[in-house]
Amino acid sequence: MSYPVLILLLAALAVSVGVCLYFAMSKKRALQEALQAARKELERYAPIRNVDSEVSERRRKLEEEVTQATQQINAARRELEAEMRRKREYELKLDMEEMGFYQPKFEFEDSLKYAEALDLIREAQKELIRQKLVLDGVTSNTPTSVRKLGLLAVDALNGDASTIINGVTYSNFEASKEKFRVEFDKINRLLEETGIRISPKYLELKVKEMAIAYDYREAEEKARQEQAELKEMMREEEDARVEAEKAREKAIEEEQLYQQALETARQELEVQLQQAKVERERATSMAQITKKGHVYIISNLGSFGEGVFKIGVTRRKEPDERIRELGDASVPFGFDVHALVHADDAPALEAVLHNHFQARRMNKVNLRKEFFRVSMDEIAEACEKLGCPIRLSKLAEAREYRATLALEANASG
Numbered sequence: 404m405s406y407p408v409l410i411l412l413l414a415a416l417a418v419s420v421g422v423c424l425y426f427a428m429s430k431k432r433a434l435q436e437a438l439q440a441a442r443k444e445l446e447r448y449a450p451i452r453n454v455d456s457e458v459s460e461r462r463r464k465l466e467e468e469v470t471q472a473t474q475q476i477n478a479a480r481r482e483l484e485a486e487m488r489r490k491r492e493y494e495l496k497l498d499m500e501e502m503g504f505y506q507p508k509f510e511f512e513d514s515l516k517y518a519e520a521l522d523l524i525r526e527a528q529k530e531l532i533r534q535k536l537v538l539d540g541v542t543s544n545t546p547t548s549v550r551k552l553g554l555l556a557v558d559a560l561n562g563d564a565s566t567i568i569n570g571v572t573y574s575n576f577e578a579s580k581e582k583f584r585v586e587f588d589k590i591n592r593l594l595e596e597t598g599i600r601i602s603p604k605y606l607e608l609k610v611k612e613m614a615i616a617y618d619y620r621e622a623e624e625k626a627r628q629e630q631a632e633l634k635e636m637m638r639e640e641e642d643a644r645v646e647a648e649k650a651r652e653k654a655i656e657e658e659q660l661y662q663q664a665l666e667t668a669r670q671e672l673e674v675q676l677q678q679a680k681v682e683r684e685r686a687t688s689m690a691q692i693t694k695k696g697h698v699y700i701i702s703n704l705g706s707f708g709e710g711v712f713k714i715g716v717t718r719r720k721e722p723d724e725r726i727r728e729l730g731d732a733s734v735p736f737g738f739d740v741h742a743l744v745h746a747d748d749a750p751a752l753e754a755v756l757h758n759h760f761q762a763r764r765m766n767k768v769n770l771r772k773e774f775f776r777v778s779m780d781e782i783a784e785a786c787e788k789l790g791c792p793i794r795l796s797k798l799a800e801a802r803e804y805r806a807t808l809a810l811e812a813n814a815s816g
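So my numbering is basically just the index in the sequence shown, starting at one, shifted up by 403.
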């Protein structure tokens, strides 16, 4: 429902309530005047037998009418106040949407829990249908044709709900929720003559499904973006490493050329040879063949569960090769990369992190087992304190593991 239409409806309601108040007050005054007239009339016929009882009866009836009119006035006032509150709430929601504000309704740790919550809310809808509680007003005397019509109405609402859920965004969430209610009321109005209606509980479950489905999509998108940023950083570091390696190889080639020329013109090329050696040493220092490498922080949700990370080092030109090897044969699922840091002295950085988390080692006997039970927040805090801030991807993609869970769920379902 659009904002201008809502304003018009509220204005019309306010006018109607005002008219009701006016007529109720007029009726109250008229009744009071009639009561006064009746009292005067009774005074004229004071000698009449049983006049007191007649006066009491007429007074009781008039007072009842006055009480009813007062109750109608109070009810109209309460209804007007309720409508004004709803109007202010709706205006606030519209203002928040115009500012691009959306507050997630559900905040789970990872996308797997969103998927589980989505399955649970959909199962609750199916259970409502199985228990025949999705339709209100159905009795043992309700014809089968009416029940079938009610179920068709539920199917129609489901179709509208799917369209709305697929189109919801952070900026139209409240409007989409209102659209749910509009479609719900529209379908129930069509069912009025049958005496049945779709249960408001079913509408509540559909609105929760929309909130979870949208938050689920946002969580997955955030995880994909973090993985993409991490891979981009890895590509940039690899480009820098390749450039350093090219410089080192070029210096070696130049040294070989100068050494060959030294046999025929040693004195003449001595200076150039020394310069080439300097260049070679500089390039070798840049590459840091013996110490330069990558410190990696990886996890394997399917193999070790949450909160377990491996902190290791590799000197390979392609660090991804080492990570793939770790997940090829010894574990059922591949590792997810949370951080990959290129360091001039990678073993030293690894040792610093290992010492910091010494008490959190899973294997305290074999120190070559580099698995630690820590959280991503603790790793980030430790890196910052140690002066080696890194970018961490907190969400594990665990694609094969999540796909396996989905296949198992489908098989058991």
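C-beta atoms are modelled at their ideal positions from N, C-alpha and C, and glycine is treated no differently.
Assess contact between the segment 644-659 and the segment 618-628, defined as three or more Cβ pairs (one per stretch) separated by less than 8 Å. Is contact present? no
Counting only beta-carbon atoms, is Arg600 nearer than 8 Å to chain D? Chain labels in this structure do not include chain D; a single protein chain is all it has.
Is Arg683 near Ala654, with beta carbons less than 8 Å apart? yes
What three-state label does DSSP hand Ile793 in the structure shown? coil
How should Ala814 be labelled, buried or exposed, when 16 other C-beta atoms within 10 angstroms of its C-beta is the threshold for buried? exposed
Might you give, ordered along the chain, the residues of its own chain that have their beta carbon closer than 7 Å to the beta carbon of Ile726, omitting 5 neighbours on each side? Tyr699, Ile701, Phe738 and Val740
Does Lys848 pass the burial test, meaning 16 or more other C-beta atoms within 10 Å, or should it be called exposed? With the chain represented from 404 up to 816, any question about residue 848 goes unanswered, as that position is not in the structure.
What's the call for Ser778, buried or exposed, on a 16-neighbour Cβ count within 10 Å? exposed
Using a Cβ distance threshold of 8 Å, determine whether the segment 661-680 contacts the segment 769-783, with at least three qualifying pairs required. no
What would DSSP say about Phe774, mapped onto helix, strand or coil? strand
Identify, in the order they occur along the chain, each residue of the same chain with its Cβ nearer than 7 Å to the Cβ of Glu501, setting aside the five sequence neighbours on each side. Residue placement at Glu501 is flagged as unreliable, the pLDDT there being 42, under the threshold of 50; the coordinate-derived value follows with that caveat. Cβ neighbours of Glu501 beyond the five flanking positions: none.
Rounded distance between the beta-carbons of Ile615 and Leu521, thought under 8 Å: 5 Å
Bridge-paired residues (DSSP) for Ser702: Phe712 and Asp739
Buried or exposed for Gln677, please, with buried defined as at least 16 other CB atoms from any protein chain shown within 10 angstroms of its CB. exposed
Among Thr667, Phe712, Ile714 and His697, which has the Cα closest to the Cα of Asp723? His697
Arg584 lies in the alpha helix (DSSP H); which residues open and close that run? Phe576 to Leu593
Can you look up Arg764 in the DSSP assignment and give me helix, strand or coil? strand
Counting along the chain, where does the alpha helix (DSSP H) carrying Lys788 start and finish? Met779 to Lys788
Considering Cα atoms alone, identify which of Ser706, Val469, Arg533 and Ala440 is closest to Tyr804. Ser706
Who are Thr717's beta bridge partners in DSSP? His697
Would DSSP call Asp539 helix, strand or coil? strand
Can you tell me which residues form a DSSP beta bridge with His745? His697
Would you report the Cα separation of Cys786 and Lys720, rounded to the nearest angstrom? 24 Å
Report the rounded CA-to-CA distance for Leu818 versus Lys680, giving the unit in angstroms. What is shown of the chain runs 404 to 816, which leaves residue 818 out entirely.
Going by DSSP, name the residue or residues bridged to Ile615. Looking at the DSSP assignment, Ile615 forms no beta bridge with any residue, so it has no partner.
Looking at the structure shown, is Ile601 part of a helix, part of a strand, or coil, going by DSSP? strand
On the criterion of 16 or more Cβ atoms from any shown chain inside 10 Å, does Gly553 qualify as buried, or is it exposed? buried
Quick one: residues in its chain with C-beta nearer than 7 Å to the C-beta of Asp525, no 5 flanking neighbours on either side, listed in chain order? A quick correction: the sequence has Arg, not Asp, at residue 525. Excluding sequence neighbours, Arg525 sits near Glu612.
Less than 8 Å between the beta carbons of Glu789 and His759, yes or no? Strictly speaking, residue 789 in this sequence is Leu, with Glu absent from that position. In contact: Leu789 and His759 (Cβ atoms closer than 8 Å).
Can you tell me the Cα-Cα spacing of Phe504 and Thr572, whole angstroms? Caution is warranted here: a pLDDT of 35 is assigned to Phe504, below 50, making its placement in the model unreliable, and no coordinate value can be reported.
On the premise that Glu468 lies in contact with Leu434, defined as a C-beta separation below 8 Å, what is that separation, rounded to the nearest angstrom? 5 Å
Can you give the Cα-Cα distance for Gly598 and Glu709, rounded to whole angstroms? 52 Å
Start and end of the alpha helix (DSSP H) containing Ala806? Arg802 to Ser815
Give the DSSP-derived three-state secondary structure of Ala799 in the structure shown. coil
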